[in-house]
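In what follows, a structure is listed as structure tokens, so that the remarks can point back to it.
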Amino acid sequence: MSASSAFIDEKGGSASEPEYGHDPASGGIFSSDYKRHDDLKEMLDSNKDSLKLEAMKRIVAMIARGKNASDLFPAVVKNVACKNIEVKKLVYVYLVRYAEEQQDLALLSISTFQRGLKDPNQLIRASALRVLSSIRVTIIVPIMMLAIKEAASDMSPYVRKTAAHAIPKLHSLDPDQKDQLIEVIEKLLADKTTLVAGSVVMAFEEVCPDRIDLIHKNYRKLCNLLIDVEEWGQVVIINMLTRYARTQFLNPNINESLLEENSEKAFYASDDEEEEDKKDEVAPLAKRKPYVMDPDHRLLLRNTKPLLQSRNAAVVMAVAQLYFHLAPKAEVGIIAKALVRLMRSHSEVQYVVLQNVATMSIKRRGMFEPYLKSFYIRSTDPTQIKILKLEVLTNLANETNISTILREFQTYIKSMDKDFVAASIQAIGRCATNIGEVRDTCLNGLVQLLSNRDELVVAESVVVIKKLLQMQPEQHSDIIKHMAKLIDNIQVPMARASILWLIGEYCEHVPKIAPDVLRNMAKTFTNEEDIVKLQIINLAAKLYLTNSKQTKLLTQYVLNLAKYDQNYDIRDRARFIRQLIVPTDKSGALSKYAKKLFLALKPAPVLESTFKDRDHFQLGSLSHLLNAKAGGYQELPDWPESAPDPSVRNVEVKDSIPDWSKCTSRKDRKEKKVEKPFYSDSDGESGPTESADSESDSGSGSESASASDESGSGSESGEETESEEEEEDEEEEKKKKRKKHLDKTKAKKPVEESTESEQSSGSEERKRGRKAVKNQKSASESESESESSESGDESEDESEEESESDTDIRKKKTPVSKQPPKQSKKESKKETQEMSLLDLDDFEPAPASAPVTPVNFMSSSLVSDLEGLSLTDTILAPTTITPSGSIKMYELLHRITGEGLAVEYCFSRQPFSPDPNMVAVQIQFTNNTNSETKNLHIEEPRLQCGMRIREFAEIDVLSAGESVTVVMGIDFCDSTQAANFQLCTHTRKFFASIQPPVGELMTPVFLTENDFKKEQGKLMGMNEISEKLTLGEKCVNEHVIVERVTATANLSRVPCGSDKECRFAGKTVSSGCLVLVTVSTKEGGRAQLTVNCEKMLIGTMLVKDIMQALSQ
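Take the sequence shown: its position 815, counted from the start at 1, is 853 in our numbering, and no numbers get skipped.
Here it is in structure tokens:
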């Protein structure tokens, strides 16, 4: 207001004089048009910049509130040449909004905008270009084109970003400029700043989305810059890279279907067929090389993974769809947690996320099973969200969790939301269809709902029961009779029609009731709805064909009523049926087959999810949401049959040589290497390129190339180009750094493995270690290791990276990543092809999951203790554990199926030292043949989402009649899903599967009585499962109960003051969730079993197993 009062004083009037703005009659509906905004116009005409600025602020505020300020355009446009930068900025903001509406006036100021393009202030240059591109007149296209080209070369990244925004505007105005605009896009794609990246990719998507060749050279740079681009730019880049990757890389799950076919053939084929078709079976496998992920494919997955923690829901959704469409099945599971987190957001976000989860859960059910509780419905959820959550719960239903889900559905039926209740009943029907074991239970539950007071519940139940009865009608004639009695009470037309259809279709099962129902319905025929009338006519026709004595007159009466009905469909149906079922002289050949036509066996309806076929649309897109192709949607390309040439993504590095030469000393050079982050501008291109070049020069495997890509520092290629003397000096310095770092980690972490255990393992373990190194080359080439090591390392690294700062990670990565090249250099003289230890995604002191890599078996404390020894002497192999007599042995491969090789396994219940999150599985191989079996190892692990496997070292030779025992580790991810893999010898492959009992997924925990009660108090309500049971005859005392429970589950006894109570505690091996078990004995051999566990699925299965053990 101070500015407006100054304006009044300047005009010579007093402050008490009435103004238009303050006069009551001047505002609202009483104001005349010529007086509107007069005060603002006068302020804009003033000579004082302060008044102009105040006027512009008020005008921009009006626009922000949605008010129309277009009549001020002439007054504002005059100020476009104002020297005050603040005023000029606001004028440009106004012009961008209204330039399209007032094009003629805007054209008058075109010379001012052109001058603005040369302004020293970057904001003015950008605003001038923005206004220029908003004037949609074809005359100025050449001026706009020139302005965009100049802006694309501007020193300011903000102006270059604005140039990228102007490109789609110009393209929509004049599509003929496409070729010139593509040149500008190509130039801007080479820009190394994060500010420009998102905008230029958006322009690329709008103008020339099919020009994939423009992305090749910039692919690695875009992957590395992605983490720093603004959020909406990230969404655009991720969607573009998803399509790019589908055209340039092979399907990571390509070998799965082929292996499944081969394993089935091998299992079911007879001996004769096997010999004949052996060549045919092996041919596809021989032709198809084992899948090895392209390093650039891995780079994309690795650099998008941290964005799952983004605060922007659109970014998380974009990464989720990228992983779903591009990642190997074993790695897709990581997106589930991020998507579940988004469900705590606004209802609009929830709706979009649940649409995508519903589609994903059809193909990848196991991914969301651990988060089942997150999809439970709250009373405050909107109806659409409730129905989508029901869809997801139905998709996730299986034999283990169906009881929990049906209990949930039971409570949903009591809701006041009628649409939701109807959807819940349909969901029960779908569960009954998909899971045969609960079909009768569901049917009985739905029949009980028929006595519900709510008519809508009864009606929906009838419709669902009708569909379920079609599967086994002969077993459920009682239900059909019960429904026939309800027809007088139910008024909903669809439900009445369903009952009549059932009685007509299965009239032979209810021969006494059906005619009576028809008699009652004939009375009310004229008052019924059309859908019911049609079913009455059908019922009459079917009864006439099966029981004409009782129903002949009734049928004629119904057909006569229908003949004069108002609805022509009903009249036509009656005329058609009369000719078909009542034989006359004129009736045609069809009347002979009337019974076959009406009473033919009809297939039971398949209750499928509405989301079943939606995955052909790209997830997260508007087309997927609408289930229809939206304008501008680009189809997701199919995977290529053979991999395109990866060298197209290699870039000639020009700036890297001057950068290195600028570093005067080795120390500076090394600091530069370490300190620069992997996504920095200067290193964004050179890192991946150099590593790719070094891969082709040295001939090392693609895994090492991927590792060097991910490190992003180009350290490998840098070391290879330097002389050996410099290398040795650097190695010494690295050792010092590594030693310092390991001392720090030693101080931070308690020593888990003492040096005594290492010494006791002795020379025998060293021999094993040497064997592991010897067989390293062959093992690293197998697909199973590359995939498991990648997925395992990523999951471990994620948890560590979250808890530590960026600088700690950098320090940690540097020393460990330097050691493997030294090892590989030593071995390169002995081997024809250099075998690098860089088979891992990230380099951390934590034990990684590739079993043959020697350094993996060492904890960080052991590394520091064994610093002075050479690497080959310090390899530790996991010691074999001798199981006690009570441990149950399972058959993995029968000696007949295995052609003389018998394999048994047991869960040893000992900690698996290389990775404490894995269950130790002891495997015993016995050679029952007369010849040697060679090269026993594991290949092609096919695991559910999140599961990992740590293979045993390859057994070179197993002599005839001998047995050997090895230990492997499996992370079952707290599920009883089977771990499937191929057990290979030098001649054959056998399909093998290890499925754990739920009790073997635990490890004992020692708690005091107070601790037990405290933890139990935290796990009440939904986390507590309690069942009553009768103890078996042999469970006479406490000792037997303890023995039975500990045999069933790997739990430890908790001390207890009461004689009639036994307590046990443990935790899940994978996630460390507490499992508490209480057995309370009562008089008469009765007992109560209580299990408290955060994971309800594990709790439910454990209760079942322990009850079975105690009841025997």
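Even for Gly, the Cβ is constructed at its ideal location relative to N, Cα and C.
Checklist entry - Tyr943 bridges to which residues according to DSSP? => result For this step, residue 943 is matched to residue 905 along the sequence shown. Paired residue(s): Tyr928 and Ile961.
Checklist entry - Roughly how many angstroms separate the alpha carbons of Ala1016 and Glu978, rounded to a whole number? => result For the purposes of this step, residue 1016 is identified with residue 978 of the sequence shown, where counting begins at 1. For the purposes of this step, residue 978 is identified with residue 940 of the sequence shown, where counting begins at 1. Approximately 14 Å, taken between the alpha carbons.
Next on the checklist: With the cut-off set at 8 Å, would you say Arg168 and Val222 are in Cβ contact?
Outcome noted: To locate residue 168, count along the sequence shown from 1; it is residue 130. To locate residue 222, count along the sequence shown from 1; it is residue 184. No; because the gap between Cβ atoms is not below 8 Å, this pair is not in contact.
Checklist entry - Does the beta-carbon distance from Gly936 to Phe1029 come in below 8 Å? => result Translated into positions along the sequence shown, residue 936 becomes position 898. Translated into positions along the sequence shown, residue 1029 becomes position 991. No, they are not a contact pair.
Item to check | Top-ranked residue by Cα proximity to Leu263, from Ile275, His254 and Leu252 | outcome: Within the sequence shown, numbered from 1, the residue matching residue 263 stands at position 225. Leu263 has its Cα closest to that of Ile275, out of Ile275, His254 and Leu252.
Checklist entry - Over what stretch of residues does the beta strand (DSSP E) that includes Asp1009 continue unbroken? => result Looking up residue 1009 in the sequence shown gives position 971. Taken as a continuous stretch (DSSP letters only), the beta strand (DSSP E) holding Asp1009 covers Ser1001 to Asp1009.
Item to check | Close-in-space but distant-in-sequence residues of the same chain around Tyr257 (CB under 6 Å, 5 per side omitted) | outcome: Locating residue 257 in the sequence shown gives position 219, counting from the first residue. Within the same chain, Tyr257 has close Cβ partners Arg687.
Next on the checklist: With DSSP as the reference, identify every bridge partner of Gly1104, one or two as the case may be.
Outcome noted: As a working note, residue 1104 is residue 1066 in the sequence shown. Bridge partners of Gly1104: Pro1042 and Val1113.
Item to check | Limits of the unbroken beta strand (DSSP E) element including Glu546 | outcome: Position 508 of the sequence shown, counted from the start, is the residue given in the question as residue 546. No beta strand (DSSP E) holds Glu546; DSSP gives it neither H nor E.
Item to check | Whole-angstrom distance between Gln1033 and Glu1000, CA atom to CA atom | outcome: By one-based count along the sequence shown, residue 1000 stands at place 962. By one-based count along the sequence shown, residue 1033 stands at place 995. Using only the alpha carbons, I get a separation of about 26 Å.
Next on the checklist: Since Gln656 and Leu628 should fall inside the 8 Å C-beta cutoff, what is the C-beta to C-beta distance between them, to a whole number of angstroms?
Outcome noted: Here residue 656 corresponds to residue number 618 of the sequence shown, with the count starting at 1. Here residue 628 corresponds to residue number 590 of the sequence shown, with the count starting at 1. Gln656 to Leu628, Cβ: 50 Å. No contact.
Item to check | Helix, strand or coil at Val644 according to DSSP, with G and I counted as helix | outcome: In the sequence shown, counting from the first residue as 1, residue 644 sits at position 606. Here Val644 sits in coil by DSSP.
Checklist entry - In three-state DSSP terms, what is Gln672? => result As a working note, residue 672 is residue 634 in the sequence shown. Coil at Gln672, not helix or strand.
Next on the checklist: Cutting at 6 Å between CB atoms, please list the residues of its own chain near Thr1119, excluding the five before and the five after it.
Outcome noted: As a position in the sequence shown, residue 1119 is number 1081, starting the count at 1. Here the set comprises Lys1098 and Ala1125.
Checklist entry - Closest by CA to Gly669, which one among Ser659, Val1141, Trp677 and Pro678? => result Translated into positions along the sequence shown, residue 669 becomes position 631. Checked all of Ser659, Val1141, Trp677 and Pro678; the closest Cα to Gly669 is Ser659.
Item to check | Through-space distance from Gln672 to Asp229, alpha-carbon basis | outcome: Along the sequence shown, read from residue 1 onward, the residue named residue 229 stands at position 191. Along the sequence shown, read from residue 1 onward, the residue named residue 672 stands at position 634. If I take the Cα positions, the gap works out to 26 Å.
Item to check | Cβ contact check for the region 387 to 403 and the region 412 to 432: 3 or more pairs under 8 Å | outcome: yes
Checklist entry - Taking the alpha carbon of Gly1137 as the point to measure from, which residue in Ser453, Val1113 and Gly1123 has its own alpha carbon closest? => result As a first step, residue 1137 is located in the sequence shown; it is residue number 1099 there, counting from the start. Of Ser453, Val1113 and Gly1123, the residue nearest in Cα terms is Val1113.
Next on the checklist: Rounded to the nearest angstrom, what separates Ser108 and Asp76 at their Cα positions?
Outcome noted: Here residue 108 refers to the residue found at position 70 of the sequence shown. Here residue 76 refers to the residue found at position 38 of the sequence shown. Using only the alpha carbons, I get a separation of about 14 Å.
Checklist entry - Would you report the Cα separation of Tyr130 and Val378, rounded to the nearest angstrom? => result Within the sequence shown, numbered from 1, the residue matching residue 130 stands at position 92. Within the sequence shown, numbered from 1, the residue matching residue 378 stands at position 340. Going by the C-alpha atoms only, they are around 43 Å apart.
Next on the checklist: Does Cys1131 come out as helix, strand or coil in the three-state DSSP assignment?
Outcome noted: Taking the first residue of the sequence shown as position 1, residue 1131 is located at position 1093. Three-state DSSP puts Cys1131 in a strand.
Item to check | Top-ranked residue by Cα proximity to Leu260, from Trp539, Arg340, Pro158 and Lys216 | outcome: Translated into the one-based positions of the sequence shown, residue 260 becomes position 222. Among Trp539, Arg340, Pro158 and Lys216, the Cα nearest to that of Leu260 belongs to Arg340.
Checklist entry - Where does Glu766 fall in DSSP's three states? => result Counted from its first residue, the sequence shown places residue 766 at position 728. Unreliable positioning characterises Glu766 in this predicted model, as indicated by a pLDDT of 47, which lies under 50. A coordinate reading is not provided.
Next on the checklist: I'd like to confirm the pairing. Which residues does DSSP put opposite Gln1020 in its beta bridges?
Outcome noted: In the sequence shown, the residue the question calls residue 1020 occupies position 982. Answer is Glu977 and Phe1029.
Next on the checklist: Quick check: the Cα distance between Met4 and His363, rounded to an integer number of angstroms?
Outcome noted: With the chain covering only 39 through 1150, there is no way to say anything about residue 4.
Checklist entry - What is the rounded straight-line gap between the Cα of Lys972 and the Cα of Ala374? => result As a position in the sequence shown, residue 972 is number 934, starting the count at 1. As a position in the sequence shown, residue 374 is number 336, starting the count at 1. The alpha-carbon atoms of Lys972 and Ala374 are separated by roughly 41 Å.
Next on the checklist: Taking its Cβ as the centre, do 16 or more other Cβ atoms sit within 10 Å of Asn1130, making it buried, or is it exposed?
Outcome noted: The residue labelled residue 1130 in the question sits at position 1092 within the sequence shown. By the neighbour-count rule (16 or more Cβ atoms within 10 Å), Asn1130 is buried.
Checklist entry - Straight-line CA distance for Asp651 to His662? => result As a working mapping, residue 651 is identified with position 613 in the sequence shown. As a working mapping, residue 662 is identified with position 624 in the sequence shown. Distance between the alpha carbons of Asp651 and His662: 10 Å.
Item to check | Cut-off 6 Å between Cβ atoms - residues of its own chain near Gly567, not counting five sequence neighbours on either side | outcome: Position 529 of the sequence shown, counted from the start, is the residue given in the question as residue 567. The question names Gly, but residue 567 is Glu in the sequence shown. Here the set comprises Pro531.
Checklist entry - So, are the CB atoms of Ala368 and Cys983 less than 8 Å apart? => result For this step, residue 368 is matched to residue 330 along the sequence shown. For this step, residue 983 is matched to residue 945 along the sequence shown. It is a contact, given that the beta carbons lie within the stated cut-off.
Checklist entry - Across which residues does DSSP place Thr1068 in a beta bridge pair? => result Position 1030 of the sequence shown holds residue 1068. Its beta-bridge partners are Arg1124.
Next on the checklist: For a test of your reading of the model: does the CB of Ala396 fall under 7 Å from any non-hydrogen atom of the ligand GDP? Yes or no.
Outcome noted: No copy of the ligand GDP occurs in the structure displayed, which carries no ligand at all.
Checklist entry - Between the region 237 to 254 and the region 269 to 286, do at least 3 Cβ pairs fall closer than 8 Å? => result yes
Item to check | Rounded straight-line distance, which links the Cα of Ala578 to that of Ala522 | outcome: Working through the sequence shown from its first residue, we reach residue 522 at position 484. Working through the sequence shown from its first residue, we reach residue 578 at position 540. Roughly 15 Å separates the two Cα atoms.
Next on the checklist: For Arg1091, list the residues DSSP reports as bridge partners.
Outcome noted: For this step, residue 1091 is matched to residue 1053 along the sequence shown. According to DSSP, Arg1091 bridges with Phe1102.
Checklist entry - Can you tell which of Glu970, Asn117 and Gly1104 has its C-alpha closest to the C-alpha of Met150? => result Working through the sequence shown from its first residue, we reach residue 150 at position 112. Checking the sequence shown, residue 150 turns out to be Thr, not Met. It is Asn117 whose Cα lies nearest to the Cα of Thr150.
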